Amino acid sequence: MFRKILRSLYYLKLKSINAAAEVAEKNKPAKENKIPISVAEIKIKLQNLFVDANDFVLREYSIGEKSKVKVLISFIDGLVNKKLINDHLLKPFMIDSILTKLDENLSGKNAVNFIEEYLLSTCELTKVSTFDETVHGILSGDTVLYIDGSRIALVINLRGWEMRQVAEPRTETVVRGPREGFVETIRTNTSLLRRKIKNPNLKFETLTLGKQTKTDVMICYIKGIAHEDIIATVRRRLKRINTDAILESGYIEEFIEDAPLGLFPTVGNSEKPDVVAGKLLEGRVAILCDGTPFVLTVPYLFIEAIQSSEDYYSRWVYASAIRILRLLALVITTMLPALYVAGLTFHQSVIPFKLLLTMAASRQGIPYSPFVEALLMLISFELLREAGIRLPRPVGQAISIVGALVLGEAAVQAGLASNPMVIITSITAITSFINVPLAGTIPFLRLAFLIAGNIVGLLGIMLVGLLFLLQLCAIRSFGVPYLSSFAPLSGSDLKDTLIRIPIWAMLTRPKALTWEYSKDLKYRMKIDYRQKED
Numbered sequence: 001m002f003r004k005i006l007r008s009l010y011y012l013k014l015k016s017i018n019a020a021a022e023v024a025e026k027n028k029p030a031k032e033n034k035i036p037i038s039v040a041e042i043k044i045k046l047q048n049l050f051v052d053a054n055d056f057v058l059r060e061y062s063i064g065e066k067s068k069v070k071v072l073i074s075f076i077d078g079l080v081n082k083k084l085i086n087d088h089l090l091k092p093f094m095i096d097s098i099l100t101k102l103d104e105n106l107s108g109k110n111a112v113n114f115i116e117e118y119l120l121s122t123c124e125l126t127k128v129s130t131f132d133e134t135v136h137g138i139l140s141g142d143t144v145l146y147i148d149g150s151r152i153a154l155v156i157n158l159r160g161w162e163m164r165q166v167a168e169p170r171t172e173t174v175v176r177g178p179r180e181g182f183v184e185t186i187r188t189n190t191s192l193l194r195r196k197i198k199n200p201n202l203k204f205e206t207l208t209l210g211k212q213t214k215t216d217v218m219i220c221y222i223k224g225i226a227h228e229d230i231i232a233t234v235r236r237r238l239k240r241i242n243t244d245a246i247l248e249s250g251y252i253e254e255f256i257e258d259a260p261l262g263l264f265p266t267v268g269n270s271e272k273p274d275v276v277a278g279k280l281l282e283g284r285v286a287i288l289c290d291g292t293p294f295v296l297t298v299p300y301l302f303i304e305a306i307q308s309s310e311d312y313y314s315r316w317v318y319a320s321a322i323r324i325l326r327l328l329a330l331v332i333t334t335m336l337p338a339l340y341v342a343g344l345t346f347h348q349s350v351i352p353f354k355l356l357l358t359m360a361a362s363r364q365g366i367p368y369s370p371f372v373e374a375l376l377m378l379i380s381f382e383l384l385r386e387a388g389i390r391l392p393r394p395v396g397q398a399i400s401i402v403g404a405l406v407l408g409e410a411a412v413q414a415g416l417a418s419n420p421m422v423i424i425t426s427i428t429a430i431t432s433f434i435n436v437p438l439a440g441t442i443p444f445l446r447l448a449f450l451i452a453g454n455i456v457g458l459l460g461i462m463l464v465g466l467l468f469l470l471q472l473c474a475i476r477s478f479g480v481p482y483l484s485s486f487a488p489l490s491g492s493d494l495k496d497t498l499i500r501i502p503i504w505a506m507l508t509r510p511k512a513l514t515w516e517y518s519k520d521l522k523y524r525m526k527i528d529y530r531q532k533e534d
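All residue numbers in the sequence shown are consecutive under my numbering, ending with 534.
Take a look at the structure:
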């Protein structure tokens, strides 16, 4: 009881510190950087800022027959659609028959209002009052219009760069289901999610990360479904990112993950809009990053590693059987080489006598122990896999297939590897491709089990497995236990774990994501453990 009271007081203290820090951040005065009132000053300032940038374009001209108000447009060549600029920006300004109607009053603020109301035929237009905002608009692909005599500029969305078309993602292929995938343009990705979830409660919050890259990042969630504490934690961790560049969502993942030194991922990613939409509907939060097709989702649970979007498009019996096979494949790919080494080194009596004779005969002439043999074969497999990925696709496939066959046969004939070891390596390789989300974790798990099996045998494998299980129980992803819904156990959430019940019977969302499974403070982490006291 005393520990609970202390924990409660500690949580309240940190919560008050976080609230005070947020208020101080909001009340912090912004640096004054007003737009010069003269177009000549603006032009000089822009030319000094974009010196030696041959893709930066400035176009100065006057409007009106009597007042001759000077205007200046600026943009980056290659980021805008020049046809839209000519049709919706330059052409209307050159129509003297319209301009002469209000020519006498066309100056300063009146010019800004007249241009906005009568000349610009664009649907997306923003008024800004600071020079930094205009520069950010130019670098983001917008066209900025400066008016002489006014400290207000118009940022006009006339973007039109080259982009990849929406196509089927190569990392998440399915037999049945949608074939569209995210692209590198963040606005296209938000539209793909809007098509899936036609709900005004689907919210997008925009942030800019990276001191040099100024990358647009969006937080996406469904208001009323996603827990407010999880949204606040995501927002807080993103705002604390202090780096020069954000070039891909993997940069963000390393900054916001819960266990940065752990083996298991605590932030999910996907290229498929239907996968991200399904996770949003369960109460998760998505993070979209401009310039990459991979969208991050949090919280991320261990059970998601053996789930696939196709499970929900197939019959529930088949989907459940496939999930069990994926879990079995995970056990095989991590433990099979270790079990082989432990059996030959410590537990020959467990192996059937005829099989033991066959294995002993195949190992005649092998100059090193089963552990070294297994280690060399697994390293060879990883090298072949990496070569198949990095080389051009036609050559890579030939290298991975022919190389494995030729090297395996040559190793057996040269007495460098036994036939059982080649078979075990092949099975291990095949099963490793089934659990793609854990592709970066499986080799380290396999190595740990292999070393333990060589030193202590089956007892070492069991101890290492227990240590990894304890680590999984201790990990949290944005306040949610990593092994939900097994630890802590939630009977109602087991409906979509190893066994997927029919969709018409899934009446509730996962309680782990909405934090309704327990009112105990040890299971409700309402504050970010990374938040430090000032």
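C-beta atoms are modelled at their ideal positions from N, C-alpha and C, and glycine is treated no differently.
From a predicted model like this one, the values you see are computed outputs, not experimental measurements.
{"Item": "Spatial distance of P367 from H347 (CA atoms)", "Value": "21 Å"}
{"Item": "Residue range of the alpha helix (DSSP H) that includes E133", "Value": "F131 to L139"}
{"Item": "Stretch pair the segment 377-385 + the segment 420-438: three plus CB contacts closer than 8 Å", "Value": "yes"}
{"Item": "Residue of D496, I156, G388 and G283 minimising C-alpha distance to Y221", "Value": "G283"}
{"Item": "Spatial distance of A338 from I455 (CA atoms)", "Value": "10 Å"}
{"Item": "Proximal residues to I537 (C-beta, below 6 Å), its chain only, five neighbours per side dropped", "Value": "It is not possible to answer for residue 537, since the shown part of the chain is limited to 1 through 534."}
{"Item": "The segment 259-269 contacting the segment 293-302, beta-carbon criterion three pairs below 8 Å", "Value": "yes"}
{"Item": "Pair within 8 Å by beta-carbon distance, A439 and S484", "Value": "no"}
{"Item": "Under the three-state DSSP convention, the category G479 falls into", "Value": "coil"}
{"Item": "For K196 and L281, the rounded distance between their alpha carbons", "Value": "11 Å"}
{"Item": "Identity of the residues DSSP links to R164 by a beta bridge", "Value": "Looking at the DSSP assignment, R164 forms no beta bridge with any residue, so it has no partner."}
{"Item": "Counted within 10 angstroms of its Cβ, other Cβ atoms place V39 as buried (16 or more) or exposed", "Value": "buried"}
{"Item": "With 16 other Cβ atoms within 10 Å as the buried cut-off, status of S121", "Value": "exposed"}
{"Item": "For A286, the three-state DSSP class (helix, strand or coil)", "Value": "strand"}
{"Item": "T345 in three-state terms, based on DSSP", "Value": "helix"}
{"Item": "Per DSSP, the bridge partner or partners of G268", "Value": "T297"}
{"Item": "Run of the alpha helix (DSSP H) containing D229, from where it starts to where it stops", "Value": "E228 to K239"}
{"Item": "Cβ-based neighbour list, L356, same chain, cut-off 7 Å, excluding 5 preceding and 5 following", "Value": "Q348"}
{"Item": "8 Å Cβ cutoff met for D229 and G479", "Value": "yes"}
{"Item": "Of the listed residues F131, K239 and T497, nearest to S150 (C-alpha basis)", "Value": "F131"}
{"Item": "8 Å Cβ cutoff met for G141 and R159", "Value": "yes"}
{"Item": "Candidates E248, E253, K70 and G224, of which the one nearest L238 by Cα", "Value": "E253"}
{"Item": "Whole runs of the alpha helix (DSSP H) within the segment 308-363, excluding any shorter than 4 residues", "Value": "316-345 and 353-362"}
{"Item": "Whole-angstrom C-beta distance between A153 and I35, which should lie under 8 Å", "Value": "6 Å"}
{"Item": "The ligand ATP heavy atom lying under 7 Å from the CB of L344", "Value": "The model depicted lacks the ligand ATP and carries no ligand whatsoever."}
{"Item": "Own chain residues within Cβ distance below 6 Å of A411, not counting five before or after", "Value": "A417"}
{"Item": "Own chain residues within Cβ distance below 7 Å of K83, not counting five before or after", "Value": "none"}
{"Item": "Euclidean distance between Cα positions of T134 and R187", "Value": "20 Å"}
{"Item": "I156 versus K127, T171 and R179, residue with shortest Cα-Cα distance", "Value": "K127"}
{"Item": "Contacts around M462, its chain only, beta-carbon distance under 7 Å, and the 5 residues preceding and following it disregarded", "Value": "none"}
{"Item": "Delimiting residues of the beta strand (DSSP E) encompassing S74", "Value": "V69 to I76"}
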